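Chemist:
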Amino acid sequence: MWVRFETYHDVTYFTPESLAANAATGSRGGWAGYFGTRAAPLGAASPELVTALFYTFHPAKVARAVPAVWATASPQRYLEARLAGADAALRRMLGDDVTGPEVAEAAALAREAAEVTCTAGRPLAAANRALPWPEEPHLVLWQACTVLREARGDGHVAALVAAGIGPCEALVLFGADTGLDAEYLRGARGWPEASWQRARHALADRGLFYGGLTSAGAALRADVERRTDEVAEQPWTSLGARHTERLRVLLTPLTLRIARQNDALKVNPMALDPVREMGAD
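Each residue of the sequence shown is one higher than the last, beginning at 56 in the working numbering.
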C-alpha cells in the first residue's frame, strides 16, 4: 500500500504544476515551496519544529527557508497552493479518468483508512487530518494519501529514534542500502561533508557501516523498516482485508500512470520505483 499512496501523494511537491503553484506564493526556489507547503498544516511552524519533524534535513537548510516562508505567504496560502498544484498535476496525469468512478471509489476507501488512522504520536499526520476535506474525489484521495503518508513517516522517524539512528546517519544507511548516490542525498538534505563523515564514523564505531552496510547494518535497516511497517498496519487492519485489497486494485493503475509520467519528467526525488515495486512491466 505504501508505494501506492506515496506515489499519489508525491504530486504535491515536484511536478511542474506544483512548482508553479508554489512559485505563485512568492517562494523563491523549489525547496522553499517544499518547506512551506509540507509544513503549512502545522501553522507558522518554527525552524526547530520543522527540523525535528522532517528529521533528515540539516537545521541550516531548514533555517534558510523557515520562518522566511511565513513572511512570503501565510500557511493558509501555502495550503491553497499545494491543493491547486496537486489538482492540476492529477488532472494532467489522469486525464478524463480523474472524474471516473474508480477514483471516486478509491477516494471513499482511502478517506475511511485515513480517518481511522491513529494519530497519537504522529504530529504531521494529525495536522493533515485536521484540515477540511476537499470536495472533488481525486483531491479527497490525494488528502487521504497525504495523511497515510505522513502517518507512516511519523512512525518511521519513531523507529529511527528508537534504534539510535540520527538524521544524517539515517541518510548514510539509506544510501548504502538502496545505492542512491551519497552526494545527491547529502546535498538534497543540506549536510556538510564534515557532518556526513562524522555520521559514517559513528556508524562504523557501532559496526553498522564500513564503506557500505555491514551485516549488522543491513539487519538494523531491515529491523527499522519492519517496525515502520508494523506501526503502519493499523489503518489497514481497521479498514479490513477486503476493502484494503479493493483499494490496492484501484490505486495500482492510477499510481502506475503517475509514476511513468514522473519518470518521463525525471521527477523522482528519492529514487522511488513504483513500477518495479508493483511488479509491473
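Where a beta carbon is used, it is the ideal one built from N, C-alpha and C, also for glycine.
Bear in mind that the values here come from a model prediction, so they are computed numbers and not experimental data.
From the DSSP output, in three-state form, read off L294 for me.
Modeler: Here residue 294 refers to the residue found at position 239 of the sequence shown. Reduced to three states, the DSSP call for L294 is helix.
Chemist: Tell me whether L305 sits in a helix, a strand or coil according to DSSP, three-state version.
Modeler: Taking the sequence shown and counting its residues from 1, the one referred to as residue 305 is at position 250. L305 falls in the helix class under three-state DSSP.
Chemist: With distances taken from CA atoms, which of F60, A185, L194, E205 is nearest L179?
Modeler: Looking up residue 179 in the sequence shown gives position 124. Residue E205 is the option with its Cα nearest to L179.
Chemist: Per DSSP, what are the beta-bridge partners of F264 in this structure?
Modeler: For the purposes of this step, residue 264 is identified with residue 209 of the sequence shown, where counting begins at 1. Answer by DSSP bridge pairing, in chain order: L268.
Chemist: Measuring CA to CA, which of P308, A243, L258, E288 is closest to G210?
Modeler: Taking the first residue of the sequence shown as 1, we reach residue 210 at position 155. Of the listed residues, the one whose Cα sits closest to G210 is E288.
Chemist: Taking 8 Å as the threshold (C-beta atoms), are D232 and L268 in contact?
Modeler: The residue you call residue 268 lines up with position 213 of the sequence shown. The residue you call residue 232 lines up with position 177 of the sequence shown. Yes, the Cβ-Cβ distance between L268 and D232 is below 8 Å.
Chemist: Can you say whether Y133 is buried or exposed, counting buried as having 16 or more other CB atoms within 10 angstroms of its CB?
Modeler: As a position in the sequence shown, residue 133 is number 78, starting the count at 1. Buried.
Chemist: What did DSSP end up calling M148 once you bin it into helix, strand or coil?
Modeler: For the purposes of this step, residue 148 is taken as the residue at position 93 of the sequence shown. Three-state DSSP puts M148 in a helix.
Chemist: For I313, which residues from the same chain have a beta carbon less than 7 Å from its beta carbon, with the 5 sequence-adjacent residues on both sides left out?
Modeler: For the purposes of this step, residue 313 is identified with residue 258 of the sequence shown, where counting begins at 1. Cβ within range, chain order: T62, Y63, V66, M148.
Chemist: With three or more C-beta pairs closer than 8 Å as the rule, is the segment 174-190 touching the segment 91-108?
Modeler: Verdict: yes, contact present.
Chemist: Contact defined as beta carbons within less than 8 Å: I believe R137 pairs with T310. What is the distance between those atoms, to the nearest angstrom?
Modeler: As a first step, residue 137 is located in the sequence shown; it is residue number 82 there, counting from the start. As a first step, residue 310 is located in the sequence shown; it is residue number 255 there, counting from the start. Not really, about 19 Å apart at Cβ, beyond 8 Å.
Chemist: Would you kindly check if the distance between the Cβ of V195 and the Cβ of A162 is under 8 Å?
Modeler: One-based indexing of the sequence shown puts residue 162 at position 107. One-based indexing of the sequence shown puts residue 195 at position 140. Yes, Cβ-Cβ distance for A162 and V195 is below 8 Å.
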